[in-house]
Amino acid sequence: MDRPIRKNYPIYKEFLNSLPAPMIDEVSAQLTYRGYAELGAGYGEAKWLIVRETKANAAVPHGLITTEYASGSMEFDQVWANRASLTYSR
22 MDRPIRKNYP
32 IYKEFLNSLP
42 APMIDEVSAQ
52 LTYRGYAELG
62 AGYGEAKWLI
72 VRETKANAAV
82 PHGLITTEYA
92 SGSMEFDQVW
102 ANRASLTYSR
């Protein structure tokens, strides 16, 4: 018997839903940092996945938003306290 082919892979969404709500640092209307970590992770521990969102034009309600990851990686190996000085890419 053949197994049905799954056409929808919501793995990423399910994974993020299993984590506590992210830390959110809204630096300005153009710049927001989101940090994901397990409960109990300290701000100075390298246990965070950090995402930087940059809005091209804050005056435009639906302006282009660029989402980049610390060190260009989705690993939980960043320090939340260092979010402003990290290198981000896709």
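Our numbering numbers the first residue of the sequence shown as 22 and each following residue consecutively.
No residue lacks a Cβ here, since even glycine has one placed at the ideal position from N, Cα and C.
Keep in mind that this is a model prediction, so the values were computed, not measured.
> Which same chain residues, not among the five before or five after Leu-40, have their C-beta less than 8 Å away from its C-beta?
Replying inline: Tyr-57, Ala-58 and Glu-59
>> If distances are taken between C-alpha atoms only, which option among Gly-84, Ala-62, Glu-66 and Ala-67 comes closest to Glu-74?
In response: Gly-84
> Among Thr-87, Glu-66 and Arg-111, which has the Cα closest to the Cα of Asn-7?
Replying inline: Past the boundaries of the shown model lies residue 7; the chain is included only from 22 to 111, so the question cannot be answered.
> In three-state terms, what does DSSP make of Arg-55?
Replying inline: strand
>> Going by DSSP in three states, Ser-106 sits in which element: helix, strand or coil?
In response: helix
> From Tyr-64 to Trp-101, what does the alpha carbon distance come to, in whole angstroms?
Replying inline: 5 Å
>> I believe Ala-91 touches Gln-99 by the beta-carbon criterion, under 8 Å. Please report the beta-carbon distance rounded to the nearest angstrom.
In response: 4 Å
> Going by Cα to Cα distance, which pick from Ile-71, Val-48 and Met-44 is closest to Arg-111?
Replying inline: Ile-71
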